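Under the working numbering, the first residue of the sequence shown carries the number 2, and numbering increases by one thereafter. A short worksheet on the structure shown next.
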Amino acid sequence: MRVASYLFGGLLVMAAALWPPVEITEWEVPWPDTRPRDPYVDRDGRVWFVGQRGDYAAYLDPATGKFTRFDLPEGTGPHNLIVDESGFVWIAGNRAAYIGRLDPRTGEVKRYPMPDPAARDPHTLVFAPDGTIWFTVQGGNFVGHFNPADGSIRLFQVPTPRARPYGIVVDPSGRPWVAAFGTNKLLTVDPATMKLEEITLPRAEARPRRLARTSDGAIWYVDYAGGYLGRYDPASGNVQEWPVPGGEGARPYGMAVDDRDRLWFVETGPDPNRLVGFDPKTAEFFSITEIPSGGGAVRHMFFHAPTRTLWFGTDANTIARARLPE
């Protein structure tokens with residue numbers, strides 16, 4: 002057992018029972034300076050990701066270390082992808098205002114343009130239980146819903162100007178939860194009425210960026226601006242926050258939850274970046290691991306339950322895997 006101390010707001014805080022570092026393996030992406038990001042593991046174990054600055058989607062075979070690339074239309078600026086059960090890869094065309102469907106068997110990309118030119122930058126996609134897709138539009142200030150069956154897209158304008166809808170998760174009822182990075186709010190849309198609701202967090206300075214949901218229904222967020230991990234209880238409306246180990250300059254960003262309801266996020270302020278684990282059962286930060294490449298920034302993470310691994314891309318041009326401890 003180790004005990005680590007850290008400073009937050011000038012106060013000495015103790016993080017008890019830190020485990021040894023998590024095992025992190027990184028693969029260097031063969032296309033330099035393309036910002037590989039937002040990995041997603043498909044049913045065959047292939048790790049898909051986008052090259053945001055390279056206009057491509059690709060996958061890594063972790064067993065062989067081989068990368069396979071699919072070029073996207075020039076100017077796509079892909080930001081995020083997810084893979085459905087049929088093997089189709091769905092891509093957020095951030096710079097070209099479309100959602101794309103890549104067929105890995107042919108390399109063909111079918112584009113579904115945004116129905117409103119104001120929705121210029123689809124950002125993060127996530128599946129709902131019914132197979133439809135909810136997504137955020139950061140600069141355009143929308144939350145969107147896409148139905149792959151008929152290609153229809155609905156957009157929901159956020160009332161707060163420049164709210165910057167960013168990270169998103171969907172609960173088992175099909176309700177999306179969104180971090181409004183430009184303000185101290187969370188957003189949600191009732192899937193029955195399609196009415197959008199804004200939820201104001203207690204601290205005006207908070208800037209939630211990524212979200213995760215635990216099995217008790219709580220919505221967790223990282224406050225990028227202030228260095229907090231937060232929990233919102235939809236049933237009661239209560240909000241709890243914990244200062245993260247890196248303090249006010251930690252800039253927590255990429256975030257995921259594992260099969261034991263433990264929260265994992267990356268502090269992008271420190272150099273090297275640090276992967277941090279938090280256990281809601283004990284309300285303790287229990288693990289801190291420096292990312293070998295330095296990271297630069299880890300923007301999104303994916304938990305793969307069958308292998309109990311976390312996957313993430315780094316601005317150091319790597320795809321990384323963290324094997325979670327028992």
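Beta carbons are placed, not taken as given, at the ideal position from N, Cα and C, and that holds for glycine. Remember, predicted model here, so these are calculated numbers, not experimental data.
Own chain partners of residue i with C-beta closer than 7 Å, once the 5 adjacent residues on each side are dropped
| i | result |
| --- | --- |
| D131 | G175 |
| T290 | P22, V23, I25, R275 and L276 |
| P273 | E291, I292, G295 and G296 |
| P235 | G218 and I220 |
| G66 | W28 |
| G255 | R211, F266, V267, V299, R300, H301, M302 and F313 |
| P173 | P130 |
| R36 | G52, Q53, R54 and D316 |
| P177 | W135, V144, I169, V171, T189 and V190 |
| D43 | W49, V84 and G88 |
| Y41 | W49, L82, I83, V84 and F303 |
| A58 | W49, V51, F71, L73, P79, L82, V90, I92 and L103 |
| D62 | R47 |
Whole-angstrom distance between residue j and residue i, CA atom to CA atom
| i | j | result |
| --- | --- | --- |
| G250 | E109 | 43 Å |
| T319 | Y60 | 12 Å |
| K111 | A226 | 37 Å |
| N239 | R165 | 23 Å |
| I92 | P209 | 23 Å |
| T189 | I134 | 14 Å |
| D70 | A321 | The identity of residue 70 in the sequence shown is Arg, whereas the question assumes Asp. Roughly 17 Å separates the two Cα atoms. |
| K186 | R102 | 31 Å |
| T310 | L202 | 31 Å |
| M338 | I100 | A query on residue 338 cannot be resolved here, the shown segment of the chain reaching from 2 to 327 and no further. |
| P281 | L230 | 11 Å |
| P326 | S153 | 42 Å |
| F68 | P31 | 8 Å |
| A192 | P118 | Position check: residue 192 holds Pro in this sequence, whereas Ala was assumed. Looking at the two C-alpha atoms, the distance is approximately 24 Å. |
| V245 | V159 | 29 Å |
| V223 | G278 | 12 Å |
| K196 | P79 | 28 Å |
| V179 | D122 | 16 Å |
| F147 | T125 | 12 Å |
| L73 | R204 | 41 Å |
| A358 | F286 | Beyond the ends of the chain as shown, which are 2 and 327, falls residue 358; an answer cannot be given. |
| R47 | S237 | 40 Å |
| D104 | E206 | 43 Å |
| A150 | A64 | 34 Å |
Close beta carbons around residue i, own chain, < 8 Å, minus the five adjacent residues each side
| i | result |
| --- | --- |
| S216 | D262 |
| A120 | A98, V138, G141, F143, G145 and L156 |
| V258 | A213, R214, T215, W221, L264, W265 and F304 |
| A284 | W243 |
| E75 | D56 |
Residue i burial status per 10 Å Cβ neighbour count (16 or more: buried)
| i | result |
| --- | --- |
| N142 | buried |
| E268 | buried |
| P33 | exposed |
| M302 | buried |
| S1 | Outside the shown range of the chain, which is 2 to 327, sits residue 1, and nothing can be said about it. |
| R106 | exposed |
| T315 | buried |
| D45 | exposed |
| P253 | buried |
| T194 | exposed |
| D39 | buried |
| A323 | buried |
| S288 | buried |
For residue i, the residue or residues it bridges with in DSSP
| i | result |
| --- | --- |
| H146 | W135 and R155 |
| H305 | T310 |
| E27 | A321 |
| W265 | A257 and G278 |
| F89 | DSSP output for F89 lists no bridge partner at all. |
| T69 | Y60 |
| T77 | T77 pairs with nothing; no bridge assigned. |
| G52 | P37 and Y57 |
| W243 | L230 |
Own chain residues within Cβ distance below 6 Å of residue i, not counting five before or after
| i | result |
| --- | --- |
| T77 | D56, G94 and A97 |
| T247 | It should be noted that the sequence gives Gly, not Thr, for residue 247. Cβ within range, chain order: E268, G270 and P271. |
| R163 | G183 |
| R232 | A219, W221 and Q241 |
| E198 | T189 |
| A306 | D260 |
| T161 | T184 |
| V127 | W135, I169 and V171 |
Cβ-heavy atom distance, residue i to the ligand MG, below 6 Å
| i | result |
| --- | --- |
| H305 | Of the ligands one can find in the structure shown there are none, so the ligand MG has no counterpart to examine. |
is_contact[residue i, chain D] using C-beta, thresh 7 Å
| i | result |
| --- | --- |
| L202 | The displayed structure is made up of one protein chain only, and chain D is not part of it. |
Discussion item. Runs of 3 residues minimum, wholly inside the segment 166 to 225: which ones carry the beta strand (DSSP E) assignment?
Written reply: The DSSP assignment places complete beta strand (DSSP E) segments of no fewer than 3 residues inside the segment 166 to 225 at 166 to 171, 177 to 181, 186 to 190, 197 to 201, 209 to 214 and 220 to 224, in order along the chain.
Practice prompt. Run through the segment 273 to 298 for me and flag every whole alpha helix (DSSP H) of 4 or more residues, listed as ranges in chain order.
Written response: Secondary structure remark: continuous alpha helix (DSSP H) runs of at least 4 residues inside the segment 273 to 298: none found.
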